[in-house]
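Undergrad: Have a look at this one before I ask anything.
Chains as they are written, first to last, in the numbering used here: chain X, 1 to 804; chain Z, 1001 to 1115; chain D, 2001 to 2324.
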């Protein structure tokens, strides 16, 4: 371990720290075990986790170079990712709950002086704690499954496109590993941009389709806006804390945390309070929160496995990870966590309302993803990082399941995604697994009692009511839960059950295939564009496309998913169901912190836990300490939502005893922890029931349902929701149009003033040239005479000058 | 038989004919060639006039060679003759081409380089 | 050194010459007083030559003097040059040019540059001027009966004669002034001892000794380590090796000297070998260029091209069959 003592407690000597804080630091540093302890060397095996996807990337590139025309890249990818998963699982079993660092290599080391603040170190080292391992477990696991799924899903594109897809897929997993496992913010940023790049590449996979290209650009640009916040946050972190390595940041932030616990926010420098807000902006961009969420629904232009992995399960949770990882910093600002909470809650509500009115099932899933991400942020904001992390895990499984099921339907029905044109799919021959997958996924998403989604959502809801001042968020989230149940089962009742009926998606699928740029297809842009135009379910037949396996119109037969897709769907269904069990399993670590199930138990051991190892158990005035006190009263050691592995609620006695907090910490007078199980369950039931009435009962055709009759009752609201509240148009008006106007003004300025100057500079010689042009007669004699006369004049000058 | 250089000695061979005499002849010939080049419009005559100017230069070189008792001046005349021959070959080929194009040898016919 | 010619006389002669040339130049109206012009120009040239001759003092001197030839050749050269630039008919102009070359060759002879004189006659008068004449024949319209009408407009009319003549004679006047004033002050370059080349030509010495009968049978001129003959220039003797191996010193023949051609040859090939090569390359390129330029360009339409290519390929195929 060459760098064992490298990072021991580097304190920022920034001038803003006065002597008082210095003395506090000494006091505070005593219990801060992470800061004091020498670095524990992590299992070097961990380096395999990012290394294996890179190997996969290289292999896929080689496949592309050698023009492999088989499914080889897919299976290489699956093998590499499965290897990464196995390594992660081994890390998990060998992990003791502490923090260790697996050193890779020196990446960036800049030094411009001997002082501690004059060093910039960013090694390629992996920060191994329970949060990292939790995240990598589901990232690698899901990536493996989805790669297997994609091997069948992308099979129409075997060849260069196939290699390109899986190369980007591998690169994505590598980037995600850097993001999650990096031991410093710069490595996180590398992964952050890496996943953004892969997202761009994979959304734009069908690069001949204009809408896909536009969506890719939109996602990239929207992410850049957030990234500005992130990079500024990282810079400020370095400037202020003198390091970007987590353990040193946390150690350096410790005095501020103590101040925050004492409620003395005014003594914390404003610049420190700004850091978490900037980081949150980055997180909002990556995790598609208000106001930067508009790229995610458009990102559904990418292939479905991409939507499932990147835009539902893993990448979009990077924002949640960032907040969870830097949670100690978020405690430093009075406003950071409320901002996170309110943004999350409003996003959840807005996305849910939009999702209710959409007809494209993949887009509904996209909006539900945005909505659920809002839940997670709200959870972080209301101080239940554990609940948020649990929701991330459960959501990853059931949303991936839902997306993959939708993808199977889309694959089988030639690109049909309109829920008015599909019905009873679950009962068709060969579609049982898909129907079952949809059912399990919908149950989870709707928060049906005793599903994983139910438990995780519940933790957030309860915590929202417990945390003082956050009750409105709780109500918003509760309403959203109902809406979620409704729109989820709207899809289920319309598509999976009911009378069997379908209209194939006509040429959309064909367009996708053609737009891959296969040489042998000879597909032209016009062909693809025409196909896209015709992709509205009009079953007209084109002779030139008649050879296509999917056929058209009357000849269309949906082809049921094959073994790979069915295996993956079944596995994910089982995993989604089993995820509920996590709630009842004890924390994998010893030490008595096992409450609320395995996942919160893991998170509690990391920096994401509100009760971080950096805090100490004082009772203060701030709302954080109130809540902490509540847990402390119950357990004496650590906070808990449940005790002894089973759900049982601990009254937040201290919280209640605090004057104004007593009201906030209750749900209509009951204990939120206890009652929320029933309330959220009932809300979920109500949503499902409404969906049943409106979209299933008595429905005879695919296109019509009882809900249509209700639409006029909502007036223009329904139309607005269907048009996504005109947010895109609003952005267009507020951002794009003024920019366009300004750009045009500058364009005119450029044309008239700048170009004018250039023209003037060019014009002067041109004018002079025009004046002297007649001397260039083009006649031989003219030139000769000029030369002779010149020589005569020169000689005459010499003559005059040498005259004595 | 002409007396050889060695026997004649310097400046006896020139008697009172000095270098300046030759240079004046050379200058006058050059000037006549120049005037011809400037005034005549027939391309062939213009080239003849350039040859005249070559002659003048050659005369000056040989006179200097004699004046300095150095053979390099005469060697240079050989090169002048060489270049003149090459120039004559090329220029006359061009003249033939141009004549084929316009059926005229007037230098004023070609003014494509006009500014 | 005082001036060769009075500056005022020089300028006056230049002005006179200019008027003469101006008059002699061909005119569009056909009424050109060429004869008068030639006379005036000759008068000017005569004045200058006379002035220079008076200075030289050799014109009326008694006895053999090459200066008479100088004046003859100089007048010939200038007069012929004047006719070259004033004669309206290109053929005659070319012939007058031959005359001027011959006169120049004469001047070269006076300057004891025999090789250059003959080379000039051979190359210029013999080769280049013939080429000119060919081209003149090629590139002039078919002559008609009427000689005046046969002349083209561009041959009969001079272009901007006044300006050209003025600038030309101003040039000459200034140049002459500078020449006549500066020549005497020119530092003399060290003379090259041309006779030293004799040592490098032992075969020539042997031949001369043999002709003079002073070389015994079987004797050879001895060489030093550079391969030069052991010549004693002061005593005009050379060392020879007899047949029995003994060395002996014999006097050089009286008329043995290095000729101008030999000196030019040594200068060219020993001192400027690279320049010789370059001159050769220039000549080669000029030849290639002339060949390419004067090649007859055949205009073919597309059909003809196709036909020719078919014909060519058929021939090739046939060739391939017969030529396995």
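The beta carbon of each residue, even a glycine, is placed where N, CA and C say it ideally should be.
Per DSSP, what kind of secondary structure is residue 108 (chain X) in: helix, strand or coil?
TA: The answer is strand: DSSP assigns residue 108 (chain X) an E or B state.
Undergrad: Are the C-beta atoms of residue 152 (chain X) and some chain D residue less than 8 Å apart?
TA: Closer than 8 Å: no.
Undergrad: In the DSSP output, what is residue 120 (chain X) paired with across the bridge?
TA: Per DSSP, X:110.
Undergrad: Can you list, in chain order, the residues of its chain with a C-beta nearer than 6 Å to that of residue 417 (chain X)? Leave out the 5 residues immediately preceding and following it.
TA: Here the set comprises 360, 361, 362, 410.
Undergrad: Quick one, which residues of the segment 2150 to 2167 of chain D are near chain X if we go by CB-CB under 8 Å, in chain order?
TA: The residues in question are 2159, 2160, 2163, 2164, 2167.
Undergrad: Are residue 717 (chain X) and residue 706 (chain X) close, meaning C-beta to C-beta below 8 Å?
TA: Contact flag unset, no.
Undergrad: Going by Cα to Cα distance, which pick from X:295, X:235, X:572 is closest to residue 439 (chain X)?
TA: Here the closest residue by C-alpha is X:572.
Undergrad: Examine chain Z for any beta-carbon lying closer than 8 Å to the beta-carbon of residue 833 (chain X), and answer yes or no.
TA: Since the first residue shown for chain X is 1 and the last is 804, residue 833 (chain X) is missing from the structure and cannot be characterised.
Undergrad: Taking the DSSP output, what are the residues bridged to residue 405 (chain X)?
TA: Looking at the DSSP assignment, residue 405 (chain X) forms no beta bridge with any residue, so it has no partner.
Undergrad: Determine the direct distance from the alpha carbon of residue 387 (chain X) to that of residue 600 (chain X), and round the result to whole angstroms.
TA: When rounded, the distance between both Cα atoms is 7 Å.
Undergrad: Would residue 446 (chain X) and residue 684 (chain X) qualify as a contact pair, given that the criterion is a beta-carbon distance under 8 Å?
TA: Yes, they are a contact pair.
Undergrad: Determine the chain X residues that contact residue 1055 (chain Z) at a beta-carbon separation under 7 Å, and present them in chain order.
TA: The premise fails here: residue 1055 (chain Z) is roughly 17 Å from chain X at the closest Cβ pair, so nothing lies under 7 Å.
Undergrad: How many angstroms separate the CA atom of residue 2011 (chain D) from the CA atom of residue 2173 (chain D)?
TA: Cα to Cα, the separation comes out at about 6 Å.
Undergrad: For a cutoff of 8 Å on Cβ pairs, would you count residue 756 (chain X) as touching chain Z?
TA: Output row for residue 756 (chain X): interface = no.
Undergrad: With DSSP collapsed to three states, give me the class of residue 491 (chain X).
TA: It is helical.
Undergrad: Report the neighbours of residue 780 (chain X) on chain Z: residues whose CB is nearer than 7 Å to its CB, in chain order.
TA: Chain Z residues near residue 780 (chain X): 1107.
Undergrad: Closest Cβ-Cβ distance between residue 798 (chain X) and chain D: below 8 Å?
TA: Output row for residue 798 (chain X): interface = yes.
Undergrad: Evaluate the contact criterion for the segment 418 to 435 of chain X versus the segment 560 to 567 of chain X: three or more CB pairs, one atom per stretch, below 8 Å.
TA: They touch, by the three-pair rule.
Undergrad: Going by DSSP in three states, residue 2274 (chain D) sits in which element: helix, strand or coil?
TA: Correct three-state label for residue 2274 (chain D): helix.
Undergrad: What does a CB cutoff of less than 6 Å around residue 2063 (chain D) pick up in its chain, not counting 5 residues either side in sequence?
TA: For residue 2063 (chain D), the predicted model reports a pLDDT of 41, less than 50, meaning its position is unreliable; a value from the coordinates is still stated below. If we look at residue 2063 (chain D) and ignore the five residues flanking it on each side, it has no Cβ neighbours.
Undergrad: Secondary structure at residue 670 (chain X), three-state DSSP: helix, strand or coil?
TA: Strand, per DSSP.
Undergrad: Which residues mark the beginning and the end of the beta strand (DSSP E) in which residue 2240 (chain D) is found?
TA: Here the beta strand (DSSP E) through residue 2240 (chain D) covers 2237 to 2241.
Undergrad: Verify whether the separation of the beta carbon atoms of residue 1052 (chain Z) and residue 1033 (chain Z) is less than 8 Å.
TA: Yes, Cβ-Cβ distance for residue 1052 (chain Z) and residue 1033 (chain Z) is below 8 Å.
Undergrad: Quick one: list the residues of chain X neighbouring residue 2177 (chain D), beta-carbon separation under 8 Å, in chain order.
TA: Near residue 2177 (chain D) (Cβ distances below 8 Å), the residues of chain X are 799.
Undergrad: Which ranges does the alpha helix (DSSP H) cover as unbroken runs of at least 4 residues, wholly within the segment 249 to 311 of chain X, from first to last along the chain?
TA: Within the segment 249 to 311 of chain X, the complete alpha helix (DSSP H) runs of at least 4 residues are 270 to 286, 295 to 298, 304 to 308.
Undergrad: Can you check whether the C-beta of residue 802 (chain X) is within less than 8 Å of a C-beta belonging to chain Z?
TA: With 8 Å as the cut-off, residue 802 (chain X) does not count as an interface residue toward chain Z.
Undergrad: Would you kindly report the start and end of the unbroken beta strand (DSSP E) that includes residue 2251 (chain D)?
TA: Where residue 2251 (chain D) is concerned, the enclosing beta strand (DSSP E) stretches over 2247 to 2251.
Undergrad: Where does residue 170 (chain X) sit, in a helix, a strand or coil, going by DSSP?
TA: Three-state DSSP puts residue 170 (chain X) in a helix.
Undergrad: Along chain X, in chain order, which residues have C-beta atoms closer than 8 Å to that of residue 2170 (chain D)?
TA: By Cβ distance, chain X contributes 792, 796.
Undergrad: Between residue 179 (chain X) and residue 222 (chain X), is the Cβ-Cβ spacing less than 8 Å?
TA: The answer is no: Cβ separation not under 8 Å.
Undergrad: What residues of chain D sit near residue 785 (chain X), judged by a beta carbon separation below 8 Å?
TA: Those are 2160, 2163, 2164, 2167, listed as they occur along chain D.
Undergrad: Taking residue 1113 (chain Z) as the query, report the chain X residues whose CB atoms sit under 8 Å from its CB, ordered along the chain.
TA: Here the neighbours are 776, 778.
Undergrad: How many angstroms separate the CA atom of residue 302 (chain X) from the CA atom of residue 206 (chain X)?
TA: Taking the straight line from one Cα to the other gives about 7 Å.
Undergrad: Leaving out five residues on either side along the sequence, give the residues of the same chain with a beta carbon under 8 Å from the beta carbon of residue 2247 (chain D).
TA: The residues are 2222, 2239, 2240, 2241.
Undergrad: When DSSP labels each residue in this structure, what does residue 533 (chain X) get in the three-state scheme?
TA: Because the pLDDT at residue 533 (chain X) is just 43, under 50, the model does not fix this residue reliably, and the point stays unresolved.
Undergrad: Quick check on the burial criterion: 16 or more other C-beta atoms within 10 angstroms. Buried or exposed for residue 325 (chain X)?
TA: Buried, by the Cβ-count rule.
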